[in-house]
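Chemist: Here it is: the structure, laid out below.
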Amino acid sequence: MQEEIGLKTSLLGYPRIGEKREWKKALEAHWAGNLSSEDLHAEMKAVRLNHLKKQQDAGIETIPVGDFTYYDHILDASAMFGLVPDRFEYDGGSVSLETYFAMARGNKDVPASEMTKWYNTNYHYIVPEIENKTPTLTANYLLDAYKEAKEELGIEGKPVIIGPYSFLKLAKHYKNDAFPELLTQFTDVYVELFQTLADEGVQWVQVDEPSLVTTIPEEDVPLIRKTYETLQKEVPQLNVLLQTYFEAVSHYEKVIELPVAGIGLDFIHDQGKNLHALQTHGFPKDKVLGAGVIDGRNIWKAKLKDKLVLLNEVQNYVQNDKIWLQPSASLLHTPVTVENEPALDATLKQALSFADEKMEELRLLQELGVGESKAKDKILADNEEIFTALKEKGWRKEEPDTATSKGVSRTLSYEERRKKQLEKWPLPKLPTTTIGSFPQTRDVRRLRARLKKGELTRSEYQSAIQSHIKTWIDHQEEIGLDVLVHGEFERNDMVEYFGERLEGFAFTKNAWVQSYGSRGVKPPIIYGDVRFKEPMTVEETVYAQSLTDKPVKGMLTGPVTILNWSFERDDLPKQQVAFQIAEAMKEEVSALEDAGIEMIQIDEPALREGLPLKREDWPTYLEWAVQAFRVSSSYVENTTQIHTHMCYSEFQDIIDAISALDADVISIETSRSQGDILETFENNVYDKGIGLGVYDIHSPRVPSEEEMLHVMRRALRVLPADLFWVNPDCGLKTRNEEETVAALKTMVTAAEKARAEVTS
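Heads up: the sequence shown is residues 1 to 760, going by the UniProt record's numbering.
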């Protein structure tokens, strides 16, 4: 049968989280001490085999193994290569589960490794730390995964691993000039790893090199070639699929000449560049092309007619028996199945495709692509009807518009606004505040669940939420914070909360996607034009302000973050949707200001992650992203202080754009990046209010006063004390009350000492 079809189907990776979040629940039970290591391994094996069986049953012919993980696939590679930072007191050999989780999460004695965004997605990886270590093969997770799939299910799997070039590009704690030598060292370890796979009879290994779609320095090109020449020379019997995704590959004509058996290209998020390169330079006849023709990052059904046109064009350059039909990326970035969403509007639901449905789309495209489908016309007509029905709903009235600028600004400069704000807000030097959310206990989550089930009236629910707000206003007063927040107890998620109250968003019950570790998110679906309906945050914020004489910040999520953390429409330019959201959030800002709330924080933690992967595309993105923020924030009085917050960001490259946001105060997550961001301010003047996170909220560990003082003192060497604010890294939603109060008390005490130092 395979010889008849020619076209093969393949996946790059499958969601880990589980259809009913089994993976997440097992991990958290283990961390809470309620599931032994042995039972955790058993639970994980059951989830892993279930996922493989689903792919097998769906007819996927090249099934990935080794993409499953207990936390993060990059952390897996670090552990497999023995790259454990010295602070974890690792003494060689296979990395224990305890050490593995400590690297990811920290513990009471040691801070976690840095965590940051995976390219331009909302997934987070644990950053490898090289620290002058020589990589060694301490375990072989890939071999274990391959053997398990073969023995348990008869699957001849395709092991998946991050490639040596991308791994090093993602790593930190080594000098730039050491890169060539380090790459050679890592290549040697990959040779050892690949030899064990070849000895076991593995036919194909998928080597992910997403960094090949970024702007590659010219001097790296020969290093990449040398790496793959070495792998091919030393382990010639193993077929390497060099897999790229998220954008068009850079240096296409050089990449396709690398000595590998196949190359995977993204034909969805490449802006047409991969297809153009294929048409211009062709493709080697002896290589497999992994054709990413189904969107692996979004959740809309494929328009099969368009996909068939794309596939037919690829077939003009590559023979069928050399084409693997694939998603554009790992399905890690999509929920598991639409089948678990009975409450969705039927017209919308039939237009959606999650991981399991994408496997079916690959099968359909395979059937259509060989030109032997008797049902071809019906398949295409049924598919077209889905999109016709969506259009007829009237949800999408705006026509596509490619404008990137709105030309909006505040009426006074920051310097002039600051004078007015200092008169209005008599705050001390180094004012203290938090980022917005406070611990969401089981009781708080239960309140929302009971409201949804009808077990509480709206009035009863509001009264209970107000009780939590009052408790935390009292806590903040007692701790001694200068600018307070209401705590966001009414919010399940910083994007979902707003989406539920705006037109144009739909929500799911079970469409979970992994964000980091066991943390899952349910991204909203932007299906239509976004519009403001009524005030969304005024009631809770005004209540909080009534309880204190200190200023309480209104807390909003910015338009770029709402867009980047949602599954967006694929029928409008991204910036047009951002401007729709910005106009809606502008109305909410006005509602808060009209209600007497005159410090308003508009969080944009996802601003940087939205950056295109190629630097030449940055200016266009930053232009519309900045403009969207300014649309939402600029129509206020000059005495109204606009704050913003950003996460996981390396700012040195976009400091001008951050300044152009024209926020009065920006707070930035910095603790895990161990001072890297301070180098930005050593080399660039930032002339607006700024707070650098003084402790890591992702870890249960409460830092000492001296640790926080160290961060403040170092920051104050490069930032003016008059503009400096003191705050944690991020919101405190995931921490418990005891940790939060202890850490904030320490932070305020440290700030008081720092304040005394700068005023003495």
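All C-beta atoms, glycine included, are put in the ideal place defined by N, C-alpha and C.
Computed from a predicted structure; not experimentally measured.
Please determine, among K254, L308, V293 and Q319, the residue with the shortest C-alpha to C-alpha distance to D286.
Modeler: As a first step, residue 286 must be located in the sequence shown, where it is residue number 286. Minimum Cα distance to D286 is reached at Q319.
Chemist: What are the boundary residues of the alpha helix (DSSP H) that includes W624?
Modeler: The sequence position of residue 624 within the sequence shown is 624, counting from 1. First-last of the alpha helix (DSSP H) with W624: W618 to S633.
Chemist: Among M115, D144 and R225, whose alpha-carbon lies nearest the alpha-carbon of P164?
Modeler: Translated into the one-based positions of the sequence shown, residue 164 becomes position 164. Residue R225 is the option with its Cα nearest to P164.
Chemist: By the 10 Å Cβ neighbour count, where 16 or more other Cβ atoms means buried, how is G92 classified, buried or exposed?
Modeler: Translated into positions along the sequence shown, residue 92 becomes position 92. Burial call: exposed.
Chemist: Starting from residue 767, trace the beta strand (DSSP E) both ways and give me its first and last residue.
Modeler: Any answer about residue 767 is impossible in this case: the structure gives the chain only from 1 up to 760.
Chemist: Could you check what DSSP says for P164 in three-state terms: helix, strand or coil?
Modeler: Sequence index remark: in the sequence shown, residue 164 carries index 164 (1-based). Helix at P164.
Chemist: Span of the beta strand (DSSP E) holding E503?
Modeler: Your numbering for residue 503 matches position 503 in the sequence shown. E503 -> beta strand (DSSP E) spans L502 to A506.
Chemist: Curious, which full-length alpha helix (DSSP H) runs of at least 4 residues does the stretch 702-746 contain?
Modeler: Within the stretch 702-746, the complete alpha helix (DSSP H) runs of at least 4 residues are 705-716.
Chemist: Which class does Y245 belong to by DSSP, given the choice of helix, strand or coil?
Modeler: On the sequence shown, position 245 is the one that residue 245 refers to. Three-state DSSP puts Y245 in coil, outside helix and strand.
Chemist: Tell me which residues share the same chain as T644 and place their Cβ nearer than 6 Å to its Cβ, disregarding the 5 neighbours each side in the sequence.
Modeler: Taking the sequence shown and counting its residues from 1, the one referred to as residue 644 is at position 644. I602, E604, A663 and I666.
Chemist: Report yes or no: do the stretch 387-405 and the stretch 701-716 share at least 3 C-beta pairs separated by less than 8 Å?
Modeler: No contact exists between the stretch 387-405 and the stretch 701-716.
Chemist: Which of helix, strand or coil does DSSP assign to A611?
Modeler: For this step, residue 611 is matched to residue 611 along the sequence shown. Residue identity differs from the one stated: residue 611 is Leu in this sequence, not Ala. Coil, per DSSP.
Chemist: For the pair the stretch 354-367 and the stretch 52-59, tell me if three or more CB-CB distances fall below 8 Å.
Modeler: With the cut-off at 8 Å, the stretch 354-367 and the stretch 52-59 touch.
Chemist: With the cut-off set at 9 Å, would you say K406 and A248 are in Cβ contact?
Modeler: Residue 406 sits at position 406 when you count from the first residue of the sequence shown. Residue 248 sits at position 248 when you count from the first residue of the sequence shown. No, the Cβ-Cβ distance between K406 and A248 is not below 9 Å.
Chemist: Going by DSSP, name the residue or residues bridged to L289.
Modeler: Numbered from its first residue, the sequence shown carries residue 289 at position 289. Its beta-bridge partners are I263 and I323.
Chemist: Classify S518 as helix, strand or coil using the three-state DSSP reduction.
Modeler: Along the sequence shown, read from residue 1 onward, the residue named residue 518 stands at position 518. Looking at S518 - three-state DSSP - the assignment turns out to be coil, as it is neither helix nor strand.
Chemist: Since Q575 is in the beta strand (DSSP E), which residue starts that stretch and which ends it?
Modeler: Within the sequence shown, residue 575 is the residue found at index 575, counting from 1. Element bounds for Q575: not the beta strand (DSSP E) but the alpha helix (DSSP H), K574 to D594.
Chemist: From F505, D571, V685 and Q326, pick the residue whose C-alpha is nearest to that of I655; which is it?
Modeler: Locating residue 655 in the sequence shown gives position 655, counting from the first residue. Checking every option, the nearest Cα to that of I655 belongs to V685.
Chemist: Would you tell me roughly how many angstroms separate the C-alpha atoms of K753 and H41, rounded to the nearest one?
Modeler: Counting from 1 along the sequence shown, the entry for residue 753 is found at position 753. Counting from 1 along the sequence shown, the entry for residue 41 is found at position 41. Cα to Cα, the separation comes out at about 48 Å.
Chemist: Does G689 come out as helix, strand or coil in the three-state DSSP assignment?
Modeler: Position 689 of the sequence shown, counted from the start, is the residue given in the question as residue 689. DSSP places G689 in strand when its eight states are reduced to three.
Chemist: So what's N340 in DSSP terms, helix, strand or just coil?
Modeler: Within the sequence shown, the letter at position 340 stands for residue 340. In the structure shown, N340 sits in a helix (DSSP, three-state: H, G or I).
Chemist: Answer with buried or exposed for E488, where buried requires no fewer than 16 other C-beta atoms within 10 angstroms of its C-beta.
Modeler: Here residue 488 is taken as the residue at index 488 of the sequence shown, counted from 1. By the 10 Å Cβ count, E488 comes out buried.
Chemist: Less than 6 Å between C-beta atoms, sequence neighbours within five positions excluded: which residues of the same chain meet that for D72?
Modeler: Here the question's residue 72 lines up with position 72 in the sequence shown. Correct list, in chain order: Y125 and I126.
Chemist: Measuring alpha carbon to alpha carbon, tell me which of D67, L563, G82 and E114 ends up nearest S699.
Modeler: What you label residue 699 is simply residue 699 of the sequence shown in a count that begins at 1. Considering only alpha carbons, the answer is E114.
Chemist: According to the Cβ coordinates, are A145 and W204 closer than 9 Å?
Modeler: Numbered from its first residue, the sequence shown carries residue 145 at position 145. Numbered from its first residue, the sequence shown carries residue 204 at position 204. For A145 and W204, no; Cβs fall outside 9 Å.
Chemist: Alpha carbon to alpha carbon, how far is R417 from L723? Give it in angstroms, no decimals.
Modeler: Here the question's residue 723 lines up with position 723 in the sequence shown. Here the question's residue 417 lines up with position 417 in the sequence shown. Roughly 13 Å between the two C-alpha positions.
Chemist: Should the stretch 252-270 be regarded as contacting the stretch 289-300, the criterion being three or more beta carbon pairs within less than 8 Å?
Modeler: Touching, yes.
Chemist: Take Q476 and list the residues in its own chain whose beta-carbon comes closer than 6 Å to its own, dropping the five residues that flank it on each side.
Modeler: Residue 476 sits at position 476 when you count from the first residue of the sequence shown. Correct list, in chain order: L484.
Chemist: Reducing DSSP to helix, strand and coil, say where E4 ends up.
Modeler: In the sequence shown, counting from the first residue as 1, residue 4 sits at position 4. Residue placement at E4 cannot be trusted, given a pLDDT of 44 that sits under 50; the coordinates are not used to answer.
Chemist: For Q514, does the count of other Cβ atoms within 10 angstroms reach 16, so buried, or fall short, so exposed?
Modeler: Within the sequence shown, residue 514 is the residue found at index 514, counting from 1. Classification of Q514: buried, given that the 10 Å Cβ count is 16 or more.
Chemist: Candidates V240, Q232, F179 and K509: which alpha carbon is nearest R21's?
Modeler: Your numbering for residue 21 matches position 21 in the sequence shown. That would be K509, whose Cα lies nearest to the Cα of R21.
Chemist: Spell out the partners DSSP gives R531 in its beta bridges.
Modeler: Walking along the sequence shown from the start, residue 531 turns up at place 531. DSSP, once it has assigned bridges, lists E503 as partnering R531.
Chemist: Could you please give the first and the last residue of the uninterrupted alpha helix (DSSP H) stretch that includes residue 776?
Modeler: Lying before the first or after the last residue shown, residue 776 is absent from the chain, which here runs from 1 to 760.
Chemist: Any idea which residues DSSP pairs K158 with across the strands?
Modeler: Mapped onto the sequence shown, residue 158 falls at position 158. The partner list for K158 (beta bridge, DSSP) reads P64.
Chemist: Are the stretch 515-532 and the stretch 561-576 in contact at 8 Å, needing three or more beta carbon pairs?
Modeler: Touching, yes, given that three or more Cβ pairs across the two stretches are closer than 8 Å.
Chemist: Going straight from the alpha carbon of K8 to that of D220, what length do you get?
Modeler: Working through the sequence shown from its first residue, we reach residue 8 at position 8. Working through the sequence shown from its first residue, we reach residue 220 at position 220. Distance between the alpha carbons of K8 and D220: 33 Å.
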